[in-house]
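Peer 1: First the structure, then my questions, so here it is.
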Amino acid sequence: MEASTLSSERRQFSIKLWPPSQNTRQTLVVRMTNNLATNSIFTQKYGCLSKEEAEENAKRIEDVAFATANQNYEKEPDGDGGSAVQLYAKECSKLLLEVLKRGPRSKADTTSEETFFDISKGQRAFIEAEEAEELLRPLKKKGNSYTKICFSNRSFGLGAARVAEPILVSLKDQLEEVDLSDFIAGRPETEALEVMNIFSAALEGSALKSLNLSNNALGEKGVRAFGALLHSQACLEELYLMNDGISEEAARAVAELIPSTDKLRVLQFHNNMTGDEGALAISEVVKRSPLLEDFRCSSTRIGTEGGVALSKALETCTHLKKLDLRDNMFGVEGGLALSKALSKHSELSEVYLSYLNLEDEGSIAIVNVLKETTPSLEVLEMAGNDITAEAAPVIAACIAAKQITKLNLAENELKDEGAIQISKALEGHSQLKEVDFSANLVRRAGARVLAQVVVQKPKFKLLNINGNFISDEGIDEIQDVFKKCPDMLGPLDENDPEGREDDEESGEGEGNEDELESKLKNLEVNQED
Numbered sequence: 001m002e003a004s005t006l007s008s009e010r011r012q013f014s015i016k017l018w019p020p021s022q023n024t025r026q027t028l029v030v031r032m033t034n035n036l037a038t039n040s041i042f043t044q045k046y047g048c049l050s051k052e053e054a055e056e057n058a059k060r061i062e063d064v065a066f067a068t069a070n071q072n073y074e075k076e077p078d079g080d081g082g083s084a085v086q087l088y089a090k091e092c093s094k095l096l097l098e099v100l101k102r103g104p105r106s107k108a109d110t111t112s113e114e115t116f117f118d119i120s121k122g123q124r125a126f127i128e129a130e131e132a133e134e135l136l137r138p139l140k141k142k143g144n145s146y147t148k149i150c151f152s153n154r155s156f157g158l159g160a161a162r163v164a165e166p167i168l169v170s171l172k173d174q175l176e177e178v179d180l181s182d183f184i185a186g187r188p189e190t191e192a193l194e195v196m197n198i199f200s201a202a203l204e205g206s207a208l209k210s211l212n213l214s215n216n217a218l219g220e221k222g223v224r225a226f227g228a229l230l231h232s233q234a235c236l237e238e239l240y241l242m243n244d245g246i247s248e249e250a251a252r253a254v255a256e257l258i259p260s261t262d263k264l265r266v267l268q269f270h271n272n273m274t275g276d277e278g279a280l281a282i283s284e285v286v287k288r289s290p291l292l293e294d295f296r297c298s299s300t301r302i303g304t305e306g307g308v309a310l311s312k313a314l315e316t317c318t319h320l321k322k323l324d325l326r327d328n329m330f331g332v333e334g335g336l337a338l339s340k341a342l343s344k345h346s347e348l349s350e351v352y353l354s355y356l357n358l359e360d361e362g363s364i365a366i367v368n369v370l371k372e373t374t375p376s377l378e379v380l381e382m383a384g385n386d387i388t389a390e391a392a393p394v395i396a397a398c399i400a401a402k403q404i405t406k407l408n409l410a411e412n413e414l415k416d417e418g419a420i421q422i423s424k425a426l427e428g429h430s431q432l433k434e435v436d437f438s439a440n441l442v443r444r445a446g447a448r449v450l451a452q453v454v455v456q457k458p459k460f461k462l463l464n465i466n467g468n469f470i471s472d473e474g475i476d477e478i479q480d481v482f483k484k485c486p487d488m489l490g491p492l493d494e495n496d497p498e499g500r501e502d503d504e505e506s507g508e509g510e511g512n513e514d515e516l517e518s519k520l521k522n523l524e525v526n527q528e529d
């Protein structure tokens, strides 16, 4: 009897752990918000959420976890609620980790999150099966509307690839854009190739508009590993194969495996080791792409032979708006061939032709064509082409006929004479934003005139005249020109006030600068042939 009474008293004074008070629930929301929005091991890896996004997610996590735990507690109403508390904490922890790994979403992501799935936020990291299950869970949701996926910046192992495989198979009929750039980094070649084969087979038969396979060191083996996917594409509008080790053999594989490019608008091959023979193969792809608007084949080790072939192929692409062939070895012959091709491109607005060894002859031929055929030209880059002051009148005439927003003629030999003539051509350019005239053997006179012209432009942002031969007095004058807007003048730390050209005659120098400026200040830029 006494024992029974004691037991009854214990039950009367037992503590109920569930449900938690409203204050306790709110405190947990605040704590989770801080975990999502402040610096930690997890946010360093995956990125911090904004305060607003963190609070929104924290409230949702707490609501879901509470509902789950409360449902469990209702099945055991005579308990003290300890098991419900444990489940509540476990669910909060699990959901919090999912949000952390998903990372922050931009405003653009928020407005289009139902169509765009992106796991590229945060630091680069390996991804294995268990994490893939969590990260890719939203893609499993029936009836989802995802049309774009980005798996970039996460290195998939075999386990993660096998998790992704059935998901991609289920989605491939609705996908339009797939970004698999940098998704096998650090994996052994055998594993990387198998992962690529898995993804390729899973996406085979999809009707993609955009495919990005950049930064995967594909080589020929990698290109062929994606063969099933590439060969099945008939609607591609954008293809990115940048920094992929596209050699001569790999370029041939690309030309072989992509049977249909008649809808292609964007084709980018930046930073590969294509060479002349590879350029011949890429030229075949270009010939089959009549709607091409954006072509990038920069830093691809292409010489004169490949440059000529590529230029001839570009003649078929009459809708080109952006052309980037920087950092190749076209030479004068390649430049002349390119000038013929450019006569077909009346819609060009951006032209990047730096470091092609064009010299005066190739540069003059190209600029003359641009002057006559590209009314919408806004960006012109021809740095590092051994262009001298002899070509300056032609360049100036082309510029005067356009509304240029960005001009890059760095690392040439235009000197004061070229600088002053081109400055004169820029006088009417109200949209001008940036000029790079660095390393051009320019002295005080040329630099001063250029500074005086660009500083007056309402939208101007940056003048780079570093690496020239401007005297200390000239530097003072230029800095005075920009005294109200110093951020518009680039650094001058590599300027050499005592610099002399290798072939400079002893009689030339600072004393002749004012005379040169005087002779050229009234120069008329001829826009006629």
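Its first residue numbered 1, the sequence shown is counted upward by one per residue in full-length UniProt numbering.
Even glycine gets a Cβ: it sits at the ideal position worked out from N, Cα and C.
Note that this is a predicted model, so its numbers are computed, not measured.
(1) Just tell me which of K322, E378, T373, K321 has its CA closest to the CA of S339.
(2) Going by the DSSP bridge assignment, what does E381 pair with across the sheet?
(3) Just to confirm the assignment, what range does the beta strand (DSSP E) spanning S210 have?
(4) Cβ of V99 within 8 Å of Cβ of I41?
(5) Between which two residues does the alpha helix (DSSP H) containing A217 stretch?
(6) Name the residue from P375, L229, V435, P393 whose alpha carbon lies nearest to the alpha carbon of E381.
(7) Excluding the 5 residues flanking G499 on each side, which residues of the same chain have their C-beta closer than 7 Å to its C-beta?
(8) For G303 and M329, I'd like the C-alpha separation in whole angstroms.
(9) By how many angstroms is the C-alpha of R187 removed from the C-alpha of S247?
(10) Let me know the secondary structure DSSP gives I127 once reduced to three states.
(11) Since K148 and I167 are thought to touch, with beta carbons under 8 Å apart, how far apart are those beta carbons, to the nearest angstrom?
(12) Taking V85 as the reference, which of G306, T24, D244 has the closest Cα?
(13) Based on DSSP bridge pairs, tell me the residues matched to E177.
(14) Looking at the structure shown, is R137 part of a helix, part of a strand, or coil, going by DSSP?
(15) Going by beta carbon distance, what residues of the same chain come within less than 6 Å of T38, once the five residues before and after it are set aside?
(16) Secondary structure at L489, three-state DSSP: helix, strand or coil?
(17) Tell me which residue opens and which closes the beta strand (DSSP E) that R154 is part of.
(18) DSSP puts R296 in a beta bridge; with which residues?
(19) Would you mind giving the Cβ-Cβ distance between L325 and L353, rounded to the nearest angstrom? I have them listed as a contact below 8 Å.
(20) Rounded to a whole number of angstroms, what is the C-alpha to C-alpha distance between G335 and Q431?
(21) So what's F116 in DSSP terms, helix, strand or just coil?
(22) Given a threshold of 16 other Cβ atoms within 10 Å of its Cβ, counted over all protein chains shown, does S506 qualify as buried or as exposed?
(23) Does the ligand SAH have a heavy atom nearer than 7 Å to the CB of L292?
(24) Once you ignore the five residues that flank E508 on each side, which residues in its own chain have a CB closer than 6 Å to its CB?
(25) Please return the same chain residues whose Cβ sits closer than 7 Å to the Cβ of L492, not counting the five positions on each side in sequence.
(26) Which residues mark the beginning and the end of the alpha helix (DSSP H) in which L95 is found?
(27) Apply the 10 Å Cβ neighbour rule to I143 and answer buried if 16 or more other Cβ atoms are within range, or exposed otherwise.
(28) Evaluate A89 with the Cβ neighbour count: other Cβ atoms within 10 Å of its Cβ, from every protein chain shown; 16 or more gives buried, anything less gives exposed.
(29) Count the C-beta pairs between the region 67–80 and the region 43–58 that are closer than 8 Å, then say yes if the count reaches three, no if not.
(30) Measuring CB to CB, does E411 end up less than 8 Å from A392?
(31) So, for G205: in the same chain, excluding its five sequence neighbours on each side, which residues have a beta-carbon less than 7 Å away from its beta-carbon?
(32) Of all the options E131, L96, E176, F156, which has the alpha carbon lying nearest to the alpha carbon of T115?
(33) Between which two residues does the alpha helix (DSSP H) containing N368 stretch?
(34) DSSP beta-bridge partners for V308?
(35) Look up V442 in the DSSP assignment and say whether it is helix, strand or coil.
(36) In three-state terms, what does DSSP make of V455?
Peer 2: With the structure as the only source:
(1) Here residue 339 refers to the residue found at position 339 of the sequence shown. Ranking the options by Cα distance to S339, first place goes to T373.
(2) Locating residue 381 in the sequence shown gives position 381, where the first residue counts as 1. Its beta-bridge partners are Y352, N408.
(3) Reading the sequence shown from its first residue, position 210 is the one you call residue 210. If you look at S210, you'll find it in the beta strand (DSSP E) that goes 210–212.
(4) As a first step, residue 99 is located in the sequence shown; it is residue number 99 there, counting from the start. As a first step, residue 41 is located in the sequence shown; it is residue number 41 there, counting from the start. Not a contact, by the Cβ cut-off of 8 Å.
(5) Looking up residue 217 in the sequence shown gives position 217. No alpha helix (DSSP H) contains A217, which DSSP labels as neither H nor E.
(6) Sequence index remark: in the sequence shown, residue 381 carries index 381 (1-based). Ranked by Cα distance from E381, the options P375, L229, V435, P393 are led by V435.
(7) Numbered from its first residue, the sequence shown carries residue 499 at position 499. Excluding residues within five positions, the ones whose Cβ falls inside 7 Å are F469.
(8) In the sequence shown, residue 303 corresponds to position 303, counting from 1. In the sequence shown, residue 329 corresponds to position 329, counting from 1. Near 4 Å, if we compare the C-alpha coordinates of M329 and G303.
(9) Working through the sequence shown from its first residue, we reach residue 247 at position 247. Working through the sequence shown from its first residue, we reach residue 187 at position 187. The straight-line gap from Cα to Cα measures roughly 21 Å.
(10) Your numbering for residue 127 matches position 127 in the sequence shown. Strand, per DSSP.
(11) Here residue 148 refers to the residue found at position 148 of the sequence shown. Here residue 167 refers to the residue found at position 167 of the sequence shown. About 15 Å separates the two Cβ atoms, so there is no contact after all.
(12) Residue numbering aside, residue 85 sits at position 85 when the sequence shown is read from its first letter. Selected option, being the one with the closest Cα: T24.
(13) Position 177 of the sequence shown, counted from the first residue, corresponds to residue 177. Bridge partners of E177: K148, S210.
(14) Along the sequence shown, read from residue 1 onward, the residue named residue 137 stands at position 137. Correct three-state label for R137: helix.
(15) Working through the sequence shown from its first residue, we reach residue 38 at position 38. Within the same chain, T38 has no close Cβ partners at all.
(16) Within the sequence shown, numbered from 1, the residue matching residue 489 stands at position 489. Strand, per DSSP.
(17) By one-based count along the sequence shown, residue 154 stands at place 154. Element bounds for R154: 154–156.
(18) Looking up residue 296 in the sequence shown gives position 296. The partner list for R296 (beta bridge, DSSP) reads Q268, D324.
(19) Within the sequence shown, the letter at position 325 stands for residue 325. Within the sequence shown, the letter at position 353 stands for residue 353. Here L325 really is in contact with L353; their C-beta atoms are around 6 Å apart, less than 8 Å.
(20) Mapped onto the sequence shown, residue 335 falls at position 335. Mapped onto the sequence shown, residue 431 falls at position 431. Straight-line Cα distance between these residues: approximately 28 Å.
(21) Start at 1 with the first residue of the sequence shown, and residue 116 comes out as number 116. When secondary structure is reduced to three states using DSSP, F116 falls in the strand class.
(22) As a first step, residue 506 is located in the sequence shown; it is residue number 506 there, counting from the start. Low confidence applies to S506: its pLDDT is 40, below 50, so where it sits in the model is not reliable, and the reading given next is rough at best. The residue in question, S506, is exposed, as its Cβ has fewer than 16 Cβ neighbours within 10 Å.
(23) With respect to the ligand SAH, the structure offers nothing, as it holds no ligand at all.
(24) Stepping through the sequence shown from its first residue, residue 508 is reached at position 508. Because E508 carries a pLDDT of 45, less than 50, the predicted location of this residue cannot be relied on, and no value is offered for it.
(25) Looking up residue 492 in the sequence shown gives position 492. The beta carbon of L492 lies closer than 7 Å to those of N466, I475 in the same chain, with the five residues before and after it left out.
(26) Here residue 95 corresponds to residue number 95 of the sequence shown, with the count starting at 1. Note, L95: alpha helix (DSSP H), 82–102.
(27) To locate residue 143, count along the sequence shown from 1; it is residue 143. The amino acid occupying residue 143 in the given sequence is Gly; Ile does not appear at that position. Burial state of G143 is exposed, judged by a 10 Å Cβ sphere holding fewer than 16 other Cβ atoms.
(28) Within the sequence shown, the letter at position 89 stands for residue 89. Flag for A89 reads exposed.
(29) Using a C-beta cut-off of 8 Å, the region 67–80 makes no contact with the region 43–58, since fewer than three inter-stretch Cβ pairs fall below that distance.
(30) On the sequence shown, residue 411 is found 411 positions in, with the first residue counted as 1. On the sequence shown, residue 392 is found 392 positions in, with the first residue counted as 1. No, they are not a contact pair.
(31) As a first step, residue 205 must be located in the sequence shown, where it is residue number 205. Same-chain partners within the cutoff: K172, S232.
(32) Within the sequence shown, residue 115 is the residue found at index 115, counting from 1. Nearest C-alpha to T115: E176.
(33) Start at 1 with the first residue of the sequence shown, and residue 368 comes out as number 368. Segment 359–373, the alpha helix (DSSP H) holding N368.
(34) The residue you call residue 308 lines up with position 308 of the sequence shown. Partner(s): none; V308 has no beta bridge.
(35) Working through the sequence shown from its first residue, we reach residue 442 at position 442. In the structure shown, V442 sits in coil (DSSP, three-state: anything other than H, G, I, E or B).
(36) The residue labelled residue 455 in the question sits at position 455 within the sequence shown. Assignment of V455 by DSSP, reduced to helix, strand and coil, places it in the coil class.
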